[in-house]
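Participant: With the numbering used here applied, the sequence shown covers 38 to 564.
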Amino acid sequence: MKFKTRHKISLLYLLALALLILAWKTPFSLLIFPAFGIVWHLLFKPQKRLFLSLYALFALWNLATTYWIANAHFLGVIATVFINGALMAFALWFGRRASELLVRFPWFQRRVWMHHLPIVSSWMALEELHDHWGLAFPWLNLGHTFNTVPQLVQFYQWTGASGGSLWVLLVAASTSMAIAKKENRRYSLALFSVPIAVSLALYFWQPAPKESGRLQVAIVQPNIEANHEKWSLPERAQIDKVRQLLAAAIDTPSSIDLVVLPETFLPSPRLEGTFPSRAEDRQWVNVARDFGKSVVFGATTYTFQDTPDAYNRPYGKKYYTLFNTALFLGAQDSLPQYYHKGKLVAGGETMPFIKLLKPFFGPWAVELGGTSNTLGISSERKVFEDPATGLRLAPIICWENEFSHYATAYSRQGANLLAVITNDGWWGNTDGHRQHLRLSSLRAIEQRKQVVRSANTGISAFINEKGTVGRTLSWEQQGVLVQSVPLYEGKSLYVRTGNWIGKFFTGLFFLYLLLVLFTRFFRLKNR
């Protein structure tokens, strides 16, 4: 009998793993519900090695869905499998353990629904952690699973992606209670179906936000190979290529209000405050002015400092800091506006926990930051403004696209158009660049803004405020997309409130943690 039970549990873990993978790698995102329903069921099954079983499940899920990170750096996959897999397992294991301990309190024991709250809180606290700490990895947050079906998560404009994560967890918990015949099954069905019905109503009948104007936007996809060609091909040649692409696509250059180019379009480091003194800078400004009133593009920049900090490195008697930067030239600007990427890729662009480690490692901490060494950051979001066109542009650089709460700060500062500039060529033709595109759809829903997305090797696209991906340039296709884009004013509820769901459940998690620690020091008797 014990063998049959263990065999059945093993099969359930395998089924849960298959459903988790399919939910992310196919259009059938709703499979996340039965997947987590099975996981929830397993949490309440007697097992000797619950944590190890959960760890195996989530480590394999991370490997199957984010294996492509190895194309950029093999250590990234090791981190997702061993660290993120362990954190996911711990979140559910701790929640279940906390529930077992808290059952000793009569007020907790009598309320069956409360037995599931520690588990929900632990997972939500993990997702909140992934928005802020040095090894942040929000890619596999449960709310992001629905990136293929934006029409079903229009309620993100009220809750953000955390609302989707909470949705999955609550449906799993209610289904578990329904199966145990401790709650009415209609509650579980309502929790699943009501958000879908509301979202479909919003998708088909909700009017567009207030429009303050329209711009003619040209998105450029130069398709320059990311690992070698991008860094070895002279900038003059890369600029000439963009000129040719723009000339072939635009019949009336004076009609273009905004040109959008990808992250690190100008790869060679340039000192801020000197643009456009270099010959390549002047060449690029001439191209930009010939084909549009304003332009946003990526570049590598640096500044000098007199004193050391966590991000800079010595240069003679001074120090300098490198940045992954978005630059904007408005219709009447002769000098660019700058924004430095604020969410850096751990291991690729920054040494995790650099502020803590630099006192011990010294300059090595900066040099060990990854392929780009450790870069500097902007502490606040920056909105690029162009009074001539009424544009207030949010420059979302690559990895920032995955941070739901972080990205809303652009709209809180008045952005009326979102620009995602990225270089996804590091990952090759894998699931990575496709998922990255679709996550931009969720950011559009949350902020109720249109997205113009330029990716060096693809996929570049126009995305409307309901998350629908419109015209695209596919993988390794070069070209230019031109389209009229509305500027939407106002702030969604989620933009105004921020990620209150994540913060609330994180607070609840710490409350449960304190209660668990209390039970370790004061023995409680069952009543």
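All C-beta atoms, glycine included, are put in the ideal place defined by N, C-alpha and C. Since this is a predicted model, take the numbers as computed values, not measurements.
Kindly indicate which three-state DSSP category A55 falls into: helix, strand or coil?
Facilitator: Here residue 55 refers to the residue found at position 18 of the sequence shown. Reduced to three states, the DSSP call for A55 is helix.
Participant: Quick check: L430 and V333, are their CB atoms within less than 8 Å of each other?
Facilitator: On the sequence shown, position 393 is the one that residue 430 refers to. On the sequence shown, position 296 is the one that residue 333 refers to. The answer is yes: Cβ separation under 8 Å.
Participant: Anyone know if the C-beta pair for L476 and E439 falls short of 8 Å?
Facilitator: Walking along the sequence shown from the start, residue 476 turns up at place 439. Walking along the sequence shown from the start, residue 439 turns up at place 402. The answer is yes: Cβ separation under 8 Å.
Participant: Hey, quick one: how far does the beta strand (DSSP E) through L430 stretch, first residue to last?
Facilitator: Here residue 430 corresponds to residue number 393 of the sequence shown, with the count starting at 1. Counting along the chain, the beta strand (DSSP E) containing L430 begins and ends at L428 to I434.
Participant: Going by Cα to Cα distance, which pick from M125, P232, A210 and S211 is closest to G200?
Facilitator: By 1-based counting over the sequence shown, the position of residue 200 is 163. The residue with the shortest Cα to Cα distance from G200 is P232.
Participant: When you compare the CB positions of Y525 and K486, do they come within less than 8 Å of one another, or not?
Facilitator: Position 488 of the sequence shown, counting from 1, holds the residue named residue 525. Position 449 of the sequence shown, counting from 1, holds the residue named residue 486. Yes, the pair counts as a contact, with Cβ atoms nearer than the cut-off.
Participant: Taking just the CA atoms, how far does A284 sit from A255?
Facilitator: Here residue 255 refers to the residue found at position 218 of the sequence shown. Here residue 284 refers to the residue found at position 247 of the sequence shown. When rounded, the distance between both Cα atoms is 11 Å.
Participant: Please name the residue, chosen from R134, T102, E137 and L138, that lies closest to N121 on a Cα-to-Cα basis.
Facilitator: Here residue 121 corresponds to residue number 84 of the sequence shown, with the count starting at 1. Nearest C-alpha to N121: T102.
Participant: So does the segment 47-60 actually touch the segment 160-172, counting three or more Cβ pairs closer than 8 Å?
Facilitator: Because the criterion of three Cβ pairs below 8 Å is not met, the segment 47-60 and the segment 160-172 do not touch.
Participant: Along the chain, which unbroken stretches of the beta strand (DSSP E) at least 3 residues long are found entirely within the segment 496-550?
Facilitator: Runs found: 497-500, 506-510 and 516-525.
Participant: Below 8 Å on the Cβ atoms is my guess for D294 versus G329; work out the distance and round it to an integer in Å.
Facilitator: To locate residue 294, count along the sequence shown from 1; it is residue 257. To locate residue 329, count along the sequence shown from 1; it is residue 292. Contact holds; Cβ gap of about 7 Å.
Participant: Any idea what DSSP makes of F604, helix, strand or coil?
Facilitator: Since the first and last residues shown for the chain are 38 and 564, residue 604 lies out of range.
Participant: Check whether the Cβ atoms of E386 and G335 sit closer than 8 Å, and answer yes or no.
Facilitator: Position 349 of the sequence shown holds residue 386. Position 298 of the sequence shown holds residue 335. Against a cut-off of 8 Å, the Cβ pair of G335 and E386 comes out as no contact.
Participant: Can E483 and Y104 be called in contact, C-beta distance under 8 Å?
Facilitator: Position 446 of the sequence shown holds residue 483. Position 67 of the sequence shown holds residue 104. Contact flag unset, no.
Participant: Is it right to say S236 is buried, meaning 16 or more other beta carbons lie within 10 angstroms of its own, or is it exposed?
Facilitator: Counted from its first residue, the sequence shown places residue 236 at position 199. Its Cβ being crowded by 16 or more others within 10 Å, S236 is buried.
Participant: Look at the alpha carbon of Q281 and the alpha carbon of T289, and state the distance between them as a whole number of angstroms.
Facilitator: Counting from one through the sequence shown, the residue named residue 281 turns up at place 244. Counting from one through the sequence shown, the residue named residue 289 turns up at place 252. So the alpha carbons of these two residues sit roughly 14 Å apart.
Participant: For the alpha helix (DSSP H) that L138 lies in, which residues bound it at each end?
Facilitator: In the sequence shown, the residue the question calls residue 138 occupies position 101. G122 to L139 is the span of the alpha helix (DSSP H), which, as asked, contains L138.
Participant: Among all the DSSP beta bridges, which residues are the ones paired with P271?
Facilitator: Looking up residue 271 in the sequence shown gives position 234. Partner(s): none; P271 has no beta bridge.
Participant: As an exercise, report each continuous alpha helix (DSSP H) stretch of at least 4 residues that is fully enclosed by the segment 164-206, in chain order.
Facilitator: Complete alpha helix (DSSP H) runs here, min 4: 193-196.
Participant: Indicate the three-state DSSP secondary structure (helix, strand or coil) for N466 in the structure shown.
Facilitator: Translated into the one-based positions of the sequence shown, residue 466 becomes position 429. Three-state result, N466: coil.
Participant: Indicate the three-state DSSP secondary structure (helix, strand or coil) for Y348 in the structure shown.
Facilitator: The residue labelled residue 348 in the question sits at position 311 within the sequence shown. Three-state DSSP puts Y348 in coil, outside helix and strand.
Participant: Identify every residue that forms a DSSP beta bridge with A116.
Facilitator: Here residue 116 is taken as the residue at index 79 of the sequence shown, counted from 1. Beta-bridge pairing links A116 to no other residue.
Participant: Is the distance from the Cβ of L381 to the Cβ of L412 below 8 Å?
Facilitator: What you label residue 381 is simply residue 344 of the sequence shown in a count that begins at 1. What you label residue 412 is simply residue 375 of the sequence shown in a count that begins at 1. Yes. Within cutoff.
Participant: Decide if W537 is buried, meaning its Cβ has at least 16 other Cβ atoms within 10 Å, or exposed.
Facilitator: Within the sequence shown, numbered from 1, the residue matching residue 537 stands at position 500. Exposed, by the Cβ-count rule.
Participant: Identify every residue that forms a DSSP beta bridge with T212.
Facilitator: Your numbering for residue 212 matches position 175 in the sequence shown. T212 pairs with nothing; no bridge assigned.
Participant: Is it buried or exposed, F555, if we count other Cβ atoms within 10 angstroms and call 16 or more buried?
Facilitator: Along the sequence shown, one-based indexing puts residue 555 at 518. Classification for F555: exposed.
Participant: Based on the DSSP output, what are the partners of G250 in its beta bridges?
Facilitator: In the sequence shown, counting from the first residue as 1, residue 250 sits at position 213. Beta-bridge pairing links G250 to L524.
Participant: Rounded to whole angstroms, what's the CA-CA distance from A452 to I216? Just pull it up for me.
Facilitator: Residue 452 sits at position 415 when you count from the first residue of the sequence shown. Residue 216 sits at position 179 when you count from the first residue of the sequence shown. Between A452 and I216, the C-alpha separation is close to 47 Å.
Participant: Here's the rule I'm using: 16 or more other beta-carbon atoms within 10 Å means buried, otherwise exposed. How should W268 be labelled?
Facilitator: To locate residue 268, count along the sequence shown from 1; it is residue 231. The residue is exposed, with fewer than 16 neighbouring Cβ atoms inside 10 Å.
Participant: Which residues mark the beginning and the end of the alpha helix (DSSP H) in which Y104 is found?
Facilitator: Taking the sequence shown and counting its residues from 1, the one referred to as residue 104 is at position 67. That residue, Y104, is in no alpha helix (DSSP H); it is neither H nor E in DSSP.
Participant: Answer with buried or exposed for D346, where buried requires no fewer than 16 other C-beta atoms within 10 angstroms of its C-beta.
Facilitator: Numbered from 1 along the sequence shown, position 309 holds the residue referred to as residue 346. Classification of D346: exposed, given that the 10 Å Cβ count is below 16.
Participant: Classify V382 as helix, strand or coil using the three-state DSSP reduction.
Facilitator: Residue 382 sits at position 345 when you count from the first residue of the sequence shown. Reduced to three states, the DSSP call for V382 is coil.
Participant: Assuming contact is defined by CB atoms lying nearer than 8 Å, are I433 and H377 in contact in what I supplied?
Facilitator: Position 396 of the sequence shown, counted from the first residue, corresponds to residue 433. Position 340 of the sequence shown, counted from the first residue, corresponds to residue 377. It is not a contact, given that the beta carbons lie outside the stated cut-off.
Participant: Tell me whether Y375 is buried or exposed, calling it buried when 16 or more other Cβ atoms sit within 10 Å of its Cβ.
Facilitator: For this step, residue 375 is matched to residue 338 along the sequence shown. It counts as buried.
Participant: Would you mind working out which of I500, N466 and W464 sits nearest A456, comparing C-alpha positions?
Facilitator: Working through the sequence shown from its first residue, we reach residue 456 at position 419. The shortest C-alpha separation from A456 is found at I500.
Participant: Across which residues does DSSP place V297 in a beta bridge pair?
Facilitator: Mapped onto the sequence shown, residue 297 falls at position 260. Answer is I256 and V333.
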